[in-house]
Amino acid sequence: MKIVKGDLLSRAYAGEFDVIVHGCNCFCTMGAGIALAIKNLFPEAYEADCDTAYGDRAKLGTFSEAYITMGTRSLTVVNAYTQYHFKGPGPNVDYDAIAKVFRAIKAAFPGARIGYPMIGAGLAGGDWERIAKIIDTELAGEDHTLVVFEAQKAQPPAQGTLL
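Numbered according to this note's numbering, the sequence shown terminates at residue 201, and the numbering increases by one at each position without gaps.
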């Protein structure tokens, strides 16, 4: 697993990845965290999520996908169903679902440059060390990168620059 700091979506938009993966619940919400940012930037990903069965526990360990065209480049956004619900005390992550979905992602996108955030460790409350080991195992041999979120810092204008 390669690890970089930054904004996964900015890096994806800049062409660093062929596929980006984020964790979803099974209720077609995409209402918080990076899922909300993806919903806003790539509404096709939310549409793909909404095309799945609402609240279906059988989605765990599967994914939906959206193909995004950005000029001459394309990007696939993968909605990985890694938690059943999003309410109540956590953790809400399902470790078996993470293993199953990353195994499926490897099979579906061999040779792709894959980027992802700390899936299951944020709002879902999972143990990142455990999740990272699962992802490393399931994506062994693939080009995959964890993007640890770091907000881009505004640079002050150069001295003498008009604002």
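Just so it is clear, CB atoms sit at the ideal spot from N, CA and C, and this is done for glycine as well.
In the DSSP assignment, what residue or residues form a beta bridge with residue i?
i: C62; result: Y119
i: F101; result: A118
i: V31; result: Residue 31 lies beyond the range of the chain shown here (39 to 201); nothing can be said about it.
i: I106; result: L113
i: D181; result: R151
For the candidate residues the options, whose alpha-carbon lies nearest to that of residue i?
i: I106; options: I157, G61 and Y84; result: Y84
i: F55; options: V139, F147 and K97; result: F147
i: T175; options: V186, G164, K138 and I72; result: K138
i: Y154; options: F187, E167 and T100; result: F187
i: V57; options: K144, G109 and A150; result: A150
i: P168; options: I136, K144 and I143; result: Residue identity check: residue 168 is Arg in the sequence provided, not Pro. Out of I136, K144 and I143, I136 has the C-alpha closest to the C-alpha of R168.
i: K144; options: D181, K125 and A70; result: D181
i: H123; options: A70, I76 and I172; result: A70
If you measure from the beta carbon of residue i to each beta carbon in chain B, is any gap under 8 Å?
i: R49; result: Here chain B cannot be found, since the structure has a single protein chain.
Mind checking which residues open and close the alpha helix (DSSP H) that includes residue i?
i: R49; result: L46 to Y51
i: R168; result: W166 to E176
i: A145; result: Y133 to A146
i: K125; result: Where K125 is concerned, there is no enclosing alpha helix (DSSP H), given that its DSSP letter is neither H nor E.
i: E85; result: P81 to C88
Quick check: residue i and residue j, are their CB atoms within less than 8 Å of each other?
i: D87; j: C66; result: yes
i: K43; j: T183; result: no
i: Q121; j: D134; result: no
i: A118; j: I157; result: yes
i: L79; j: L113; result: no
i: P129; j: G179; result: no
Below 8 Å CB to CB, which residues in the same chain sit around residue i once its five sequence neighbours on both sides are set aside?
i: T199; result: Since pLDDT at T199 reaches only 46, below the 50 mark, its modelled position is unreliable, and no value is offered.
i: R111; result: G53
i: K97; result: C64, T90, A91 and Y119
In the DSSP assignment, find the beta strand (DSSP E) that holds residue i and state where it starts and stops.
i: G153; result: R151 to Y154
Ordered along the chain, which non-local residues of its own chain (more than five positions away) have a Cβ less than 6 Å from that of residue i?
i: A52; result: none
i: R141; result: E176
i: G109; result: none
Leaving aside the five residues before and after residue i along the sequence, list all residues of the same chain whose C-beta is less than 7 Å from its C-beta, in chain order.
i: D94; result: C64
i: G61; result: A118, T120, Q121, I157, G158 and A162
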